[in-house]
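Asks:
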Amino acid sequence: MLQSSDTCVRISGRVRSDTLTRSSGLRSSGRFETRTSGRIQLDVRKRTDYGPFRAVVRIDTHGR
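Structural data, given as structure tokens:
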């Protein structure tokens, strides 16, 4: 809750990272690969004269 307000704000997220290693049996020909992804979410809730109001914004990223 925001101070002196009936508005509730929630900020959440996650980060994920994967590492893959492949080898064909020879030391010099190994392959190394990484992948990352992330998410951030903003959730706002407020009571109004017309009923509850909710807004959600979510941003996802995917990279290699």
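The sequence shown maps to residues 210 to 273 in our numbering. Backbone N, C-alpha and C fix where the C-beta goes; we use that ideal spot for every residue, glycine too.
So, at 7 angstroms on beta carbons, what are the nonlocal neighbours of R267 in its own chain, with the 5 sequence-adjacent residues on each side left out?
Replies: Closer than 7 angstroms at the Cβ level, and outside the excluded window around R267, lie R248, Q250.
Asks: Excluding the 5 residues preceding and the 5 following D252 in the sequence, name in chain order all residues of the same chain whose CB lies nearer than 6 angstroms to its CB.
Replies: Cβ within range, chain order: R219, V265.
Asks: Can you list, in chain order, the residues of its chain with a C-beta nearer than 6 angstroms to that of D215? Leave out the 5 residues immediately preceding and following it.
Replies: The residues are R256.
Asks: Note the first and the last residue of the continuous beta strand (DSSP E) segment covering S246.
Replies: Taken as a continuous stretch (DSSP letters only), the beta strand (DSSP E) holding S246 covers 240-257.
Asks: Comparing C-alpha positions only, which one of H271, R263, R240, D258 sits nearest to T230?
Replies: That would be R240, whose Cα lies nearest to the Cα of T230.
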